[in-house]
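**Student:**
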Amino acid sequence: MTVRTILNAIDVPARRPPWMLAALLCASLHGPEARAQESVTLEELAVEGEGRGVGNGASDGRTSAAGTIGLIGPTPGYRADRAVSSTKTDTPQRDVPQIVTVAPREVITDLAATRVDRVFNYTPGVAQQNNFGGLSVFSYAIRGVTTSEIYKNGFPLNRGTPPPPDAQNVERVEVLKGPGGGLFGRSDPGGLVNIITKQPTVERFVEMGGLWDSFGQFRGTVDSGGALNEEGTLAYRFNLAAGRQGSFRDFVDSDRLLVAPVLSWQITPDTRITVETEFLRNRIVFDRGVIALNGRLGLLPISRFLGEPGQSTYQTNNTMQVRVDHRFNADWQMRLATHFNTGTLEGESAEIRAIAADNRTVARDRNIRDYRWDVAIGQAEVVGRFDTAGIGHTMLLGFERESTDSRVVYNRSNFRTSPYAIDIYDPRYGQPLPPITIPRNNLERITNTALYAQDQIVLTPEWKALLGVRFDFFEQSFRERIPRSQVDQTYFAATPRAGLVYQPLPELSLYANVGTSFRPNIGPDAAASASGPFAPETGIGYEVGAKLDLYGGALALTGTAFRIDRENVLTPEANGSGFSVAVGGVRSQGFELTAAGQITPEIKLLAGYVYAEAVVTEDPTLPAGTPLINVPRHSGSLLAVHEVQAGPWKGLGLGGGVRGVGERAADAVNSFSLPAYIAVDALAYYRYENFRFGLNIENVFDTEYYESSLNRFRVYPGAPRRFTGTMTVRF
1 MTVRTILNAI DVPARRPPWM LAALLCASLH GPEARAQESV TLEELAVEGE
51 GRGVGNGASD GRTSAAGTIG LIGPTPGYRA DRAVSSTKTD TPQRDVPQIV
101 TVAPREVITD LAATRVDRVF NYTPGVAQQN NFGGLSVFSY AIRGVTTSEI
151 YKNGFPLNRG TPPPPDAQNV ERVEVLKGPG GGLFGRSDPG GLVNIITKQP
201 TVERFVEMGG LWDSFGQFRG TVDSGGALNE EGTLAYRFNL AAGRQGSFRD
251 FVDSDRLLVA PVLSWQITPD TRITVETEFL RNRIVFDRGV IALNGRLGLL
301 PISRFLGEPG QSTYQTNNTM QVRVDHRFNA DWQMRLATHF NTGTLEGESA
351 EIRAIAADNR TVARDRNIRD YRWDVAIGQA EVVGRFDTAG IGHTMLLGFE
401 RESTDSRVVY NRSNFRTSPY AIDIYDPRYG QPLPPITIPR NNLERITNTA
451 LYAQDQIVLT PEWKALLGVR FDFFEQSFRE RIPRSQVDQT YFAATPRAGL
501 VYQPLPELSL YANVGTSFRP NIGPDAAASA SGPFAPETGI GYEVGAKLDL
551 YGGALALTGT AFRIDRENVL TPEANGSGFS VAVGGVRSQG FELTAAGQIT
601 PEIKLLAGYV YAEAVVTEDP TLPAGTPLIN VPRHSGSLLA VHEVQAGPWK
651 GLGLGGGVRG VGERAADAVN SFSLPAYIAV DALAYYRYEN FRFGLNIENV
701 FDTEYYESSL NRFRVYPGAP RRFTGTMTVR F
């Protein structure tokens, strides 16, 4: 295998251009003119960077069909009163019958987060699942439902195996709670994550930063933006992050390079085009964590590495998004957007497969991976306002087309004939490499065509409704070259949703919603003479809740009760034949309480508690009531910061956080559990003129805990006490 350094020149592999897709997008916008309505904007129009943005309504006062182009900019503090992920429009959260938890940029900065998943520690109801040896964050649970749905500016990131998203070019992270199939298509009913990136600004600035931590991480960053011409119609944003990260785990380290330029051109007062790119290079040691011996944890130090030192995995991920925003008149506007992504994953690892009777010698296999993927997605959306018989409507109409090609080459040794053994108590590394005898090579092509519509209805000043539906036509072709097999399947799915909001007081919203979801299943069907196809997994979610704004909207409180049911969950046949049956059912139900914002001008906080009972309801092998893996019944967090607003200590911030997670099932059959834990974090910073100095202490009391597990051979320990220092200067 050719080893490539992390600092290789950034290259974008040549791919075939999807001209037909672009033509379809343009054609989808030709139709009769419609009359219009009020203040709601398309999602991408709502994305603005720090400072005064190009065409930012806050800057120039121009209004559009659905409000102001670029209305959503940086969110000061911890409270975001608007979010785009629930409706794809810029709508106040109090008017939406669904919960969206938002982590603004200030939260990311205060936590000294370098990865997006760091903010999940203070996002109620989100639990880490399998992280694929540290190579991916695309497996987590929202409200007890495992999902891999992470989006960036409304486009899915979970195609292929890209590295965990970097936090440097992120403006905010929105977590939609409940089904999102009505707008986003195939997904899980627990929710999804939508990352909103930093956008170009007219205000010129350069911000440089450095970070160091006690695990040996060194990282430098640059964030700059500004106008490129005197008129301010051409602007840019550029983010850079480069560094090396150590670990509390023996022999585990990583290198990372992020380059993310964005260019925006306000062609006319009504038309803007934005070209956004991101190039990410990542080298990391594949790490499956520790093991549980006879269901017991803590017998090995959490630093113990059971792979092979020196074996690394290299990831590349290249993304380009192009958005064209146009305002037709005072009521109607459109967005055309495309998303292109290419990536690779290449590397070698040693992974545990079995343990001997002596309870100390484990058999490993040698794994060589070569993954590649190409993704092209196009969206066309029109939004506007009109009235019917005195009832206001904000209508969103959308079209989406996706084409994804992926190749997986996964070759490994046979641990039964070549055990590649190691003593877990006295590991001796550097053994002769076992031969590769089990090859795997497959190709997958996915195409999806979707139409969706949404109507936000103002019945009276107190009553608001939301109706929506999405129609997906999904095609999947799966070719297993070694061993030889193939599956071709097509599905048509409709995912409706509906919600109602009642506002007896301006500060109080009572709401209810119901929504559906679907996800295609693939695998060998025990009831068929050949492979599948299966009916897709389906889900439905119900939710009732309340939203309360206090202190003039500075502090937002929410409370909600939910129930989520999933059917046709794919499970292995009980006799171990290798076939599958799609009869499994699971349910997650509970309630959630959150608070976000300012208690006083000096105190900002994020808080939340979630009770989630996530269990199996129907399965051929697991009894009803079996808890789902990695989902605690009780979890909660509190992050609070006090910043001095005046006097000689103005700019000094002191704060801390508490994270509590209950006991969780550690594998699918509930053979052992991850213990409950409470971890405490602390932070301090000082802002002086253009400088910011910060110190963070993660896990202050050095609590030993385990974040997640896949099975007894793959248990991921949480980080012990860590000190992180940061400094930024802005010119």
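If you count the sequence shown from 1, position 648 lands on 648 in the UniProt record's numbering, and the numbers rise without skipping.
The C-beta atom is built at its ideal place from N, Cα and C for all residues, glycine as well.
1. Among the residues of its own chain, which have a CB less than 6 Å from the CB of valine 473, if the five just before and after it don't count?
2. Looking only at its own chain, which residues have a Cβ that is under 8 Å from the Cβ of leucine 628, when we skip the five neighbours before and after it?
3. Considering only DSSP beta bridges, list what phenylalanine 591 is partnered with.
4. Per DSSP, glycine 220 forms a beta bridge with which residues?
5. Return the chain-ordered list of same chain residues with a C-beta closer than 7 Å to the C-beta of phenylalanine 415, the five sequence neighbours on each side being excluded.
6. Spatial neighbours of glutamate 480 within its chain, please: CB distance less than 7 Å, with the 5 preceding and 5 following residues excluded, ordered by chain position.
7. Tell whether a beta-carbon distance below 9 Å holds between phenylalanine 518 and threonine 490.
8. Take proline 520 as the anchor and find which of Leu510, Asn513, Ala535, Ser509 has the nearest alpha-carbon.
9. Identify whether threonine 87 lies in helix, strand or coil by the three-state DSSP scheme.
10. Name the one or two DSSP bridge partners that arginine 479 has.
11. Kindly indicate which three-state DSSP category aspartate 426 falls into: helix, strand or coil?
12. What is the rounded straight-line gap between the Cα of asparagine 317 and the Cα of phenylalanine 155?
13. Looking only at C-alpha atoms, which of Pro419, Gly210, Phe478 sits nearest to arginine 445?
14. Among Pro427, Gln431, Ile391, Val409, whose alpha-carbon lies nearest the alpha-carbon of serine 418?
15. Could you give the distance in angstroms between the alpha-carbon of threonine 344 and the alpha-carbon of asparagine 158?
16. Just curious, the alpha helix (DSSP H) that phenylalanine 184 is in, first and last residue?
17. Closest to aspartate 702 by CA distance: which of Val715, Tyr685, Arg722, Asn690 is it?
18. Give the straight-line distance between the Cα atoms of arginine 712 and isoleucine 424, rounded to the nearest whole angstrom.
19. If we count the other Cβ atoms within 10 Å of its Cβ and call it buried at 16 or more, is leucine 135 buried or exposed?
20. Could you say which of Gly209, Val96, Leu192 lies nearest to alanine 546 if we only look at CA atoms?
21. Using the C-alpha atoms, what's the distance from alanine 612 back to valine 631?
22. Using DSSP with H/G/I as helix, E/B as strand and the rest coil, what is phenylalanine 279?
23. With DSSP collapsed to three states, give me the class of threonine 63.
24. Anyone know if the C-beta pair for valine 324 and arginine 401 falls short of 9 Å?
25. Using CA atoms only, rank isn't needed, just tell me which of Gly378, His339, Leu467, Gln168 is closest to serine 86.
26. What's the C-alpha gap between phenylalanine 248 and glycine 307?
27. By how many angstroms is the C-alpha of proline 623 removed from the C-alpha of serine 254?
28. Does the structure place the segment 294-307 close enough to the segment 326-340 that three or more beta carbon pairs sit under 8 Å?
29. Whose C-alpha, out of Val469, Ile368, Thr404, is nearest the C-alpha of residue 735?
30. Using the C-alpha atoms, what's the distance from aspartate 188 back to proline 162?
31. Once DSSP output is grouped into helix, strand and coil, what is the label at isoleucine 108?
32. Mapping the DSSP letters down to three states, classify arginine 94 as helix, strand or coil.
33. Less than 9 Å between the beta carbons of aspartate 213 and threonine 724, yes or no?
34. Would you mind stating whether methionine 208 and threonine 197 have Cβ atoms separated by less than 9 Å?
35. Can you list, in chain order, the residues of its chain with a C-beta nearer than 6 Å to that of asparagine 121? Leave out the 5 residues immediately preceding and following it.
36. From the DSSP output, in three-state form, read off aspartate 255 for me.
**Tutor:** Inspection of the coordinates gives the following:
1. According to the sequence shown, residue 473 is phenylalanine rather than valine. Excluding residues within five positions, the ones whose Cβ falls inside 6 Å are Thr449, Phe492.
2. Ala141, Gly144, Thr146, Val586, Ser588, Ala614, Val615, Val616, Ala665
3. Ala561, Tyr611
4. Gly210, Ala242
5. Arg353, Ala354, Ala363, Arg364, Asp365
6. Asn442, Gln486
7. no
8. Ala535
9. coil
10. Leu443, Gln486
11. coil
12. 15 Å
13. Phe478
14. Gln431
15. 13 Å
16. 181-184
17. Arg722
18. 14 Å
19. buried
20. Val96
21. 8 Å
22. strand
23. Below a pLDDT of 50, predicted positions are generally treated as unreliable, and threonine 63, at 30, falls in that range; no measurement from the model is reported.
24. no
25. Leu467
26. 15 Å
27. 42 Å
28. no
29. The first residue shown for the chain is 1 and the last is 731, placing residue 735 beyond what the model contains.
30. 20 Å
31. helix
32. helix
33. yes
34. no
35. Arg659
36. strand
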